[in-house]
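Report on the structure given below.
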Amino acid sequence: MINNVPGSQDTVSMDQNPDERTQSQSHRCQLLDLPWEDVLVTHVFCYLPLRHLVSLQCVSKSFRSLVQVYLANCRKFDPTQTGPHIPKEAFCSMLRHNQVLHHLCVSNCSDWITDKELLPVIGQNQHLLRVDLRGCVHLSRHALVAVSLSCPRLQHLTLAHCEWVDSLALRSLADHCPDLRSLDITACRQLKDQAVCYLAGKCPELRSLSVAVNANITDTAVEEVAKKCRELERLDLTGCLRVRNEAIRTLAEYCPKLQSLKVNHCHNVTESSLGVLRRRDVEIDVEPPLQRALVLLQDVVGFAPFINLQI
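Everything in the sequence shown is counted per UniProt numbering, starting at 1 for the first residue and increasing by one.
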């Protein structure tokens with residue numbers, strides 16, 4: 001017998017061939033022998049794509065149990081982990097025992113997810129900070145009410161292209177989630193000025209808001225948001241055809257932290273109001289008139305002409 005390292009307790013028999021020694025060493029240290037929650041879940045599985053971990057469940061009963069432990073302690077569930085599409089059965093299985101989610105995105109489930117699959121997940125995860133329901137057309141207003149009642153700490157919510165969102169559901173959100181920082185209600189066409197005004201009064205900490213692609217939104221809603229949400233940094237009014245210069249001037253007056261404004265296809269918003277924001281270096285998605293003219297001229301003649309702007 002030979003000692004490996006001075007003072008070591010381990011010995012290797014000279015009578016064993018290399019394969020036997022390798023087999024003996026591997027038997028002494030296996031992956032599943034490591035502490036599951038303290039090591040594997042916390043420091044190993046967190047670096048693996050969720051779709052790979054789900055496949056790992058097929059290896060053995062022990063691996064299946066280990067993956068279930070990980071899923072029960074997962075803080076984030078989104079398409080970057082699961083891939084562009086996820087079957088209904090896999091979604092329900094993965095989140096069945098999870099009660100610690102902070103971030104939930106189900107946009108990759110939009111083709112099939114309904115209240116039946118979503119509400120149990122929302123109901124048992126009261127620490128959610130970010131929820132993305134973008135494009136989930138098969139949900140109902142009950143989904144938003146459930147989010148409102150179950151997630152009082154919610155800060156970020158995306159409801160873009162969810163036309164089932166109505167004024168009563170949005171009021172529930174405003175009443176129960178005062179810490180909301182960002183809200184995307186793009187193309188939620190049931191919503192009108194009154195609902196947006198109510199939200200602004202209840203959620204003064206809003207930093208980002210999109211009410212894009214909604215012809216019901218007028219100056220009334222934009223001005224109320226400007227006056228009540230002084231921390232506003234980003235506002236998307238794309239396609240809000242009834243918004244005019246007066247609302248943009250109010251926005252410039254009351255929102256000193258504004259960084260980005262989108263007003264494309266807002267035909268009643270002109271440079272007379274946008275110029276004030278440009279001088280504050282606010283990023284605006286509509287080019288100044290002169291620059292637009294130069295672009296059009298370049299398209300016609302094939303090159304950008306030199307113009308002395310100091311004349």
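Glycine residues also receive a C-beta, built at the ideal position from the N, C-alpha and C atoms.
Computed from a prediction, not measured in an experiment: that's the story for all the values here.
Residue i versus residue j - alpha carbon distance
i    : j    : result
F77  : L119 : 15 Å
I113 : S273 : 43 Å
L144 : V165 : 8 Å
L157 : V67  : 29 Å
N98  : R230 : 37 Å
C240 : K61  : 55 Å
A174 : L154 : 11 Å
S55  : A90  : 11 Å
L251 : N73  : 43 Å
D126 : C151 : In the sequence as presented, Asp is not what sits at residue 126; that position holds Gln. Approximately 5 Å between the Cα atoms of the pair.
D236 : R279 : 19 Å
V211 : F63  : 46 Å
A247 : S65  : 57 Å
DSSP-derived helix/strand/coil call for residue i
i    : result
S60  : coil
D184 : strand
D115 : helix
H52  : helix
R171 : helix
R141 : helix
R230 : coil
D236 : strand
L191 : coil
Q126 : coil
S110 : coil
N4   : Residue confidence is low: N4 scores 44 on pLDDT, short of 50, so the model does not pin down where it sits. Its coordinate-derived value is still stated next. In this structure, N4 counts as coil in the three-state DSSP scheme.
H267 : coil
C255 : coil
According to DSSP, residues forming a beta bridge with residue i
i    : result
I284 : L261
K76  : H103
T158 : D132, D184
M96  : Looking at the sequence shown, residue 96 is not Met but Arg. In the DSSP output, where bridge partners are listed per residue, R96 has none listed.
R242 : T218
S210 : D184, D236
Whole-number beta carbon distance between residue j and residue i, since they are thought to touch under 8 Å
i    : j    : result
H102 : L128 : 6 Å
L191 : L232 : Rounded, the Cβ-Cβ distance is 18 Å, inconsistent with contact.
Proximity test, residue i beta-carbon vs the ligand PLP heavy atom, cut-off 7 Å
i    : result
Q124 : For the structure depicted, the ligand PLP is absent and the ligand set is empty, with no information on it obtainable.
Cβ of residue i within 8 Å of any chain B Cβ
i    : result
K192 : This model lacks chain B altogether; it includes just one protein chain.
Does the structure place the region 144-153 close enough to the region 83-101 that three or more beta carbon pairs sit under 8 Å?
no
Do the region 165-174 and the region 208-220 make contact, defined as three or more Cβ pairs closer than 8 Å?
no
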